[in-house]
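**Q** Position 110 (the sequence shown) corresponds to 125 in my numbering; numbering is contiguous.
In this text, a Cβ means the ideal position worked out from N, Cα and C, and glycines have one as well.
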Amino acid sequence: MKKILAYTAFLISLLWLCPGFISAQDVNPVKDADRFFPDFQADADMRAATPDRDYKNSGIQYGGWLTPVMIDQRNSDTSLTSSLTTAKVWAKSYIWDNNYVYVRLKDSFLWIAGQEGYSLDDTDNVFDLDVAFISMSFAGQSLRLSAGRKFYLLGSGLLFNGRGDGLEFQYVSSLASVKLFGAYTGLLAKDSNPYGLSDKDISDGAKRLFAGGTIERGINNQTLYLLGLAQVDNGDEDSGQKSRYQSQYFGLGIKGVAFKEMFYYAEAVYETGVSYLSGTDEESDIRAGAAIAGVDYYLDMALNPALIFQYAYGSGDSGRSDYRDPTGNTSGNDTGFISFGTFVGGYALKPVLANLHIVRAGFSFTPMSWSERLYLKRMTLIMKYTLYLKDKKDSAINYGEALLEERLVGHGADLALRWKIFYDLSAFVNYAVFIPGDAYDSSENNRHFTMLGLNLSF
């Protein structure tokens, strides 16, 4: 049940980040053209395109959107069909040029339409202050300060991506660009807080403090950057049971355009810190790592095809059975990688990026790009194949599955349709299947995932 609820929360957060048309054809996936709907970069297929609005640096703007979604997950033993409807309204007011206040409210309603093998409530409704911050610029816009509840993104999003309450400082010069932020996540609504690891985190809200930043330098069409992040766990602990997970991260990355049609990115991080061995008060040193890389190659030909190559890695631990449990390590150093936020590595398996090598290849194209009708031209089809391999073959993956001592976790296929019908109406469909490999018992069945929905903005 916990896994289903955790993935539902992931879907809610993903849809919150995609207010408009979601496309694989945006040739600059790391741009942040829309400051109040930042691009989510953990999966290039699901980034949000810039809304078709022309904001001015004066006055008050307002709007909203409604996103109803149907989700179906099943194998031969279990099934879950649900409906998730997210509504948001926002307002933005300029105080003076390039200084503004932005507020966004949200309400999400989850309805379980049918289930087999799960014990879940039929409905759940969450109302929350989604975003509320002030943004101010100084020194000819080279310095920007934001304060309040907003979306924070560190590097590619591999380590940290999501909402929090805090401060963000950005400085841009001819030599380098610096971004520093601090955010607290304990004030977010418990039902939509994606940072919880333990049962205590989930029930009380993840009381975590994050502080980090990047320094980057652009060279022609390439950008090199260094990053750092510290996470302080202030969560409540059960009497006589140490469970706080304190971690620090250091990394480097590169992104850019190799030539006109090819965009690439790569990031590697090292994790250190302290956790506690399962069921004890004995400290364990964290020694973990992760990496992500990808290439999007756009072909200048009919149907606008693009080739997609992606790789992701999260280190494993032979003594771990659960890669989202802060006390999941049973002996020695804790080498299981743990990050904060969301990671998209295939909808059917829904992998946690730990004890895994994930290799993905696919393509996208616009099948009606030849049409004279604009609403038909804006249709994109995306297809991906994924290979999942263990890092430590004698350890599990996710929350405790694929227990056999074999390297092959399995294969996945993801198919998606993104269709911007009008400027204020878009549709999306996802289908995914996961085929278990040698690391699963022979009784394990294929998993199927289907999602379809609409996005209406106003």
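Check whether the Cβ atoms of Arg433 and Phe449 lie closer than 7 Å to each other.
**A** Taking 7 Å as the Cβ cut-off, Arg433 and Phe449 do not qualify as a contacting pair.
**Q** Can you tell me which of the three DSSP states Asp409 falls into?
**A** If DSSP states are grouped into helix, strand and coil, Asp409 belongs with coil.
**Q** When you compare the CB of Val84 with every CB in chain C, is at least one pair closer than 7 Å?
**A** No chain C is present in this structure, which holds just one protein chain.
**Q** By Cβ distance below 7 Å, which residues in the same chain neighbour Tyr115 in space, the five residues on each side in sequence not counted?
**A** Counting only Cβ-Cβ distances below 7 Å, and skipping sequence neighbours, we find Lys107, Ser108, Tyr109 and Ser150.
**Q** When the Cα atoms are used, what is the spatial distance from Ile301 to Ser384?
**A** Cα-Cα distance, rounded: 50 Å.
**Q** Pull up the CB-CB distance for Val141 and Ser213, whole angstroms please, since I reckon it's below 8 Å.
**A** With 8 Å as the limit, Val141 and Ser213 do not qualify as a contact, their Cβ atoms being about 21 Å apart.
**Q** Okay, do the stretch 152–160 and the stretch 180–187 touch, 3+ Cβ pairs below 8 Å being the bar?
**A** Touching, yes, given that three or more Cβ pairs across the two stretches are closer than 8 Å.
**Q** Just mark Asn470 as buried or exposed, buried being the case when its beta carbon has 16 or more other beta carbons within 10 Å.
**A** Asn470 is buried by the Cβ-count criterion.
**Q** Around the C-beta of Leu173, are 16 or more other C-beta atoms found within 10 angstroms, so that it is buried, or is it exposed?
**A** Buried, because 16 or more other Cβ atoms sit within 10 Å of the Cβ of Leu173.
**Q** Go through its chain and collect everything with a Cβ distance to Tyr264's Cβ below 6 Å, but skip five positions before and after it.
**A** The answer, listed in chain order, is Leu174, Leu244, Val284 and Glu286.
**Q** Taking all protein chains shown into account, decide if Leu95 is buried (16 or more other Cβ within 10 angstroms of its Cβ) or exposed.
**A** It counts as buried.
**Q** Would you call Ser254 buried or exposed, if buried means 16 or more other Cβ atoms sit within 10 Å of its Cβ?
**A** The residue is exposed, with fewer than 16 neighbouring Cβ atoms inside 10 Å.
**Q** Take every Cβ of the stretch 314–322, pair it with every Cβ of the stretch 358–373, and state whether three or more of those distances are shorter than 8 Å.
**A** No, because fewer than three Cβ pairs between the stretch 314–322 and the stretch 358–373 fall closer than 8 Å, the two stretches do not touch.
**Q** When the Cα atoms are used, what is the spatial distance from Val84 to Lys435?
**A** For Val84 and Lys435, the distance between alpha carbons rounds to 16 Å.
**Q** Helix, strand or coil: which one does DSSP assign to Lys205?
**A** Here Lys205 sits in helix by DSSP.
**Q** Taking the straight line between their C-alpha atoms, what separation do you get for Arg339 and Thr357?
**A** The alpha-carbon atoms of Arg339 and Thr357 are separated by roughly 12 Å.
**Q** Would you mind stating whether Tyr280 and Ala305 have Cβ atoms separated by less than 7 Å?
**A** Their beta carbons are not under 7 Å apart, which means Tyr280 does not touch Ala305 by this criterion.
**Q** Evaluate contact between the stretch 373–382 and the stretch 342–354, counting only Cβ atoms and requiring at least three cross-stretch pairs below 8 Å.
**A** With a cut-off of 8 Å, the stretch 342–354 and the stretch 373–382 do not count as touching, because too few Cβ pairs lie within range.
**Q** Do you know whose CA, among Ser441, Gly181 and Ala431, lies nearest Leu81's CA?
**A** Leu81 has its Cα closest to that of Ser441, out of Ser441, Gly181 and Ala431.
**Q** Excluding the 5 residues flanking Tyr240 on each side, which residues of the same chain have their C-beta closer than 6 Å to its C-beta?
**A** So the qualifying residues of the chain are Thr229, Glu231 and Gly268.
**Q** If Gly170 sits next to Phe148, beta carbons under 8 Å apart, how far is it from one beta carbon to the other, in whole angstroms?
**A** Not really, about 21 Å apart at Cβ, beyond 8 Å.
**Q** Which value, in whole angstroms, describes the spacing of the CA atoms of Leu203 and Glu387?
**A** Cα to Cα, the separation comes out at about 46 Å.
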